[in-house]
Amino acid sequence: MAYNKFEVNEELSELFNKLWDLDENRCEPGEHYRLNKGGYLKNARDLTKDVSEDPLFDWVDEATVFEKPTYKYFIALLDNYTMETGEQEVVTKEEFKENVMFIDAICDTPLMKEAHSFLRDKGKAPGAINDFKKLLYKLWFKLYRRTKGDRDFDSSGFEHVFVGEIKGEDVVGFHNWICFYLQEKSGNIDYHGYFRRGTSLEREPRFITLQFSCKNGRGKPIGGSFIGTSPEFEMALYTVCYLMDIGSKVHIELDEYKVEVTVYGHAGGIGTAYPTSKD
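Reading the sequence shown from the start, the letters are residues 1 to 279 in the UniProt record's numbering.
1) Need the endpoints of the beta strand (DSSP E) that Pro55 sits in, please.
2) How should Asp79 be labelled, buried or exposed, when 16 other C-beta atoms within 10 angstroms of its C-beta is the threshold for buried?
3) Measure the CB-CB distance between Ser52 and Tyr191 and report whether it falls below 8 Å.
4) I want to see whether chain B comes within less than 8 Å of Val163, judged by CB atoms only; does it?
5) Is it buried or exposed for residue 280, if we count other Cβ within 10 angstroms and need 16 for buried?
6) In three-state DSSP terms, what is Gln183?
7) Output yes or no for whether 8 Å exceeds the beta carbon distance between Glu98 and Ala76.
8) Along the chain, which unbroken stretches of the beta strand (DSSP E) at least 3 residues long are found entirely within the stretch 161 to 244?
9) For the stretch 34 to 47 against the stretch 135 to 154, are there 3 or more C-beta pairs whose distance is under 8 Å?
10) Ordered along the chain, which non-local residues of its own chain (more than five positions away) have a Cβ less than 6 Å from that of Glu159?
11) Can you name, in chain order, every residue of its own chain whose Cβ lies under 6 Å from the Cβ of residue 297, other than the five neighbours on each side?
12) Glu89 and Asp170: beta carbons closer than 8 Å?
13) Taking only runs that begin and end inside the stretch 67 to 147, name each unbroken alpha helix (DSSP H) of 4 or more residues, in chain order.
14) How long is the line joining the alpha carbons of Asp279 and Arg197, rounded to whole angstroms?
15) Glu11 lies in the alpha helix (DSSP H); which residues open and close that run?
16) Closer than 8 Å is the cut-off here; do at least three beta carbon pairs connect the stretch 238 to 246 with the stretch 118 to 129?
17) Taking C-beta to C-beta, are Glu84 and Leu22 nearer than 8 Å?
18) Give every residue of the same chain whose Cβ lies closer than 6 Å to the Cβ of Glu204, excluding the five residues on either side of it in the sequence, and list them in chain order.
19) For Thr48, which of helix, strand or coil comes out of DSSP?
20) I'd like to check one pair, Ser277 with Val259: are the Cβ atoms closer than 8 Å?
21) Select from Tyr40, Val172, Ile103 the residue whose C-alpha is nearest the C-alpha of Met235.
22) Tell me which residue opens and which closes the alpha helix (DSSP H) that Glu62 is part of.
23) Can you find the residues in the same chain that come closer than 8 Å, C-beta to C-beta, to Leu143, ignoring five residues on each side of it along the sequence?
24) According to DSSP, Glu260 sits in a beta bridge with which residue or residues?
Written out as structure tokens, the structure is:
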């Protein structure tokens, strides 16, 4: 099998490293969480093999991490969705307010201010902060039909990327470590192990490509996620990649890592987005 050459986007690497350094809410292994990486898998099509007896997360310092405003407002959004594709999503007044509060919180961080400044200077985003917030809402929270032929507006970029959806027998999307931890803690998912290709090399990786099953019998054969990054970092990185419109796969050097960022659009917003380690 041939693999695409890793050609680094220098401009976005420079920006994302600046955002990485500005991510004052990023979590650190051993200080804010601890992982059990467990064993590694070889077959992404086989959901019957579990090579990790323990959960992925040994612990997370919820008292410290989840009280930070962007985390708190992010977590408040996770129960606002029906995961089954094809089932209509309805945004209540309270849920709309929660969406707005989350956007307000992330836009108040130095990290997102830097991302906004970059996009404004490139002519990819409006200069006024309120107009930028409206753009973020449209990209991430505007409802659309996930599958051609669906009657109802059943999905959004935020739901797919951060919460996940159920399509047939598979979980699709679900590329966020916070949501994974909370679902694992609740006993809703069982971590099977990681794939060497797509996982960074440390004992507690910053990027992981993994497999899990759900207690309802469904599962995700393979999926990638950051570990420890703040909600605002992921929102900023994916938003910049989408708005710069330079292709669905962007290669960057982030801190000490080589990373492929995949972002696809859908119905005028974010369709999916996730990282893959290329170390």
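Backbone N, C-alpha and C define an ideal beta-carbon position, used for all residues, glycine too.
Quick answer:
1) Taking the first residue of the sequence shown as position 1, residue 55 is located at position 55. Where Pro55 is concerned, there is no enclosing beta strand (DSSP E), given that its DSSP letter is neither H nor E.
2) In the sequence shown, counting from the first residue as 1, residue 79 sits at position 79. Exposed, because fewer than 16 other Cβ atoms sit within 10 Å of the Cβ of Asp79.
3) Start at 1 with the first residue of the sequence shown, and residue 52 comes out as number 52. Start at 1 with the first residue of the sequence shown, and residue 191 comes out as number 191. Contact: yes.
4) No chain B is part of this structure, which consists of one protein chain only.
5) In the structure as shown, the chain starts at 1 and stops at 279, and residue 280 therefore has no counterpart that could be examined.
6) Position 183 of the sequence shown, counting from 1, holds the residue named residue 183. Here Gln183 sits in helix by DSSP.
7) Working through the sequence shown from its first residue, we reach residue 98 at position 98. Working through the sequence shown from its first residue, we reach residue 76 at position 76. Closer than 8 Å, so yes.
8) 165 to 167, 170 to 172, 189 to 195, 207 to 214, 219 to 226
9) no
10) Taking the sequence shown and counting its residues from 1, the one referred to as residue 159 is at position 159. Correct list, in chain order: Tyr81.
11) Because the chain spans 1 through 279 in this model, residue 297 falls outside it and cannot be assessed.
12) For the purposes of this step, residue 89 is taken as the residue at position 89 of the sequence shown. For the purposes of this step, residue 170 is taken as the residue at position 170 of the sequence shown. In this structure, Asp170 does not lie closer than 8 Å to Glu89 by Cβ.
13) 69 to 77, 93 to 107, 110 to 121, 129 to 141
14) Taking the first residue of the sequence shown as position 1, residue 279 is located at position 279. Taking the first residue of the sequence shown as position 1, residue 197 is located at position 197. Rounded to the nearest angstrom, the two C-alpha atoms are 8 Å apart.
15) By 1-based counting over the sequence shown, the position of residue 11 is 11. Counting along the chain, the alpha helix (DSSP H) containing Glu11 begins and ends at 10 to 22.
16) yes
17) Walking along the sequence shown from the start, residue 84 turns up at place 84. Walking along the sequence shown from the start, residue 22 turns up at place 22. No, they are not a contact pair.
18) As a first step, residue 204 is located in the sequence shown; it is residue number 204 there, counting from the start. Closer than 6 Å at the Cβ level, and outside the excluded window around Glu204, lie Pro29, Leu35.
19) Locating residue 48 in the sequence shown gives position 48, where the first residue counts as 1. Looking at Thr48 - three-state DSSP - the assignment turns out to be coil, as it is neither helix nor strand.
20) Locating residue 259 in the sequence shown gives position 259, where the first residue counts as 1. Locating residue 277 in the sequence shown gives position 277, where the first residue counts as 1. The answer is yes: Cβ separation under 8 Å.
21) One-based indexing of the sequence shown puts residue 235 at position 235. That would be Ile103, whose Cα lies nearest to the Cα of Met235.
22) In the sequence shown, the residue the question calls residue 62 occupies position 62. Where Glu62 is concerned, the enclosing alpha helix (DSSP H) stretches over 62 to 65.
23) Within the sequence shown, the letter at position 143 stands for residue 143. Answer for Leu143: Glu89, Val91, Phe153, Asp154, Ser155, Ser156, listed in chain order.
24) On the sequence shown, position 260 is the one that residue 260 refers to. The partner list for Glu260 (beta bridge, DSSP) reads His251, Thr276.
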